[in-house]
Structures are given as structure tokens and as C-alpha cells.
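Let me begin by presenting the structure, written as C-alpha cells, before commenting on it.
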Amino acid sequence: MLELILDLCNLVGGFLLAIGLLALLPRAGDDLGRFAARLAPFGWIVGIAALVCGGYFLIVHLVSGPHVFHFEIVGIAVGVLLLWDRLRAGAVARRLGGSGELPASGAQGAGLVLSIFGIIAMIVGLQGLFTPD
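Numbering (the numbering used here), first residue to last: 365 to 497.
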């Protein structure tokens, strides 16, 4: 069951990280942006679940498992990035004078790196769903 939670966290967390690039898709970008806006308030829950499940499997596989898998490394990274983004969003909103709007940077700079990692996390999540345990 925890494997499924980790894979779903990789999928959903990757989607939330990759929305900067996915919103640029010609026909589906607006719909994906609206869906991500509805899902974004729950990103911190996905981040905590990814950290907990990824950390658990990392400890288990370091102590008694065959080797460390990339699923847990990506899950830990997704959790850290989602929670880091939430903390930084509060700091940026305070700097903007309380307007609450974040600058759109999903297509360049650090936002592009996060978006590409989000797409990688989505692929790893899909791989985890179809890989037998």
C-alpha cells in the first residue's frame, strides 16, 4: 500500500512541479492550469506523504533491502521541492506586498528546471505503478 502512495505522490507531485511547462501546451494548457490551481492547496499534503513514504523505503532498503531504488529518491526530492515551494511562496507573497500573485517562471530559469524534474517525477510515478513489487 505504501508503494502505491509513493507512486501516486510522484505522479501528483510531478504534475504540480511540471505545471509551468504543461500550461504552455496549446490546447490543454488552460485546462491543466485550472486543474493544478484546484490541486495546489493540497500540495503540502502530497509533499509530506512523499517524504514519509520515500524516507521509509530509503531506510528499509539501506538496512535490509537489495539496493536503493530511484522511486524513493525521486519521492524524497518531490516532497522536499513541494514543501520548499510552499515556504518560498509565502516569502515571495510578502515581498510582493501581499498581492499573493507569484511571478510566472515555469518556462525559464529555475522554474524550467523544476518543471523538467516534475516531468521526470511523473514518468517515475507511472513506472512505479506498472512495475511489479
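Virtual Cβ for every residue (Gly too), placed ideally from N, Cα, C. Since this is a predicted model, take the numbers as computed values, not measurements.
Supposed close pair residue i, residue j - CB separation, criterion 8 Å
| i | j | result |
| --- | --- | --- |
| Ile484 | Ala413 | In fact, because the Cβ distance is near 19 Å, the residues do not count as touching under 8 Å. |
| Gly411 | Gly377 | 7 Å |
Beta-carbon proximity of residue i to residue j, cut-off 8 Å
| i | j | result |
| --- | --- | --- |
| Arg372 | Gly489 | One point to set straight first is that residue 372 is Leu, not Arg, in the sequence displayed. A contact, by the Cβ cut-off of 8 Å. |
| Leu381 | Leu426 | no |
| Gly397 | Ala404 | no |
Inter-residue spacing [alpha-carbon to alpha-carbon] between residue i and residue j
| i | j | result |
| --- | --- | --- |
| Gly429 | Val438 | 18 Å |
| Leu447 | Leu422 | 19 Å |
| Val424 | Leu375 | 22 Å |
| Ala400 | Gly443 | 17 Å |
| Gly407 | Asp394 | 19 Å |
For residue i, the three-state DSSP class (helix, strand or coil)
| i | result |
| --- | --- |
| Ser463 | Only weak support is given to the placement of Ser463: the predicted model assigns it a pLDDT of 49, under 50, and the value that follows is read from those uncertain coordinates. Looking at Ser463 - three-state DSSP - the assignment turns out to be coil, as it is neither helix nor strand. |
| His425 | helix |
In the stretch 380–424, which residue ranges form an unbroken alpha helix (DSSP H) of at least 4 residues, counting only runs that do not cross its ends?
If we require 4 residues or more, the alpha helix (DSSP H) runs fully inside the stretch 380–424 come out as 393–403.
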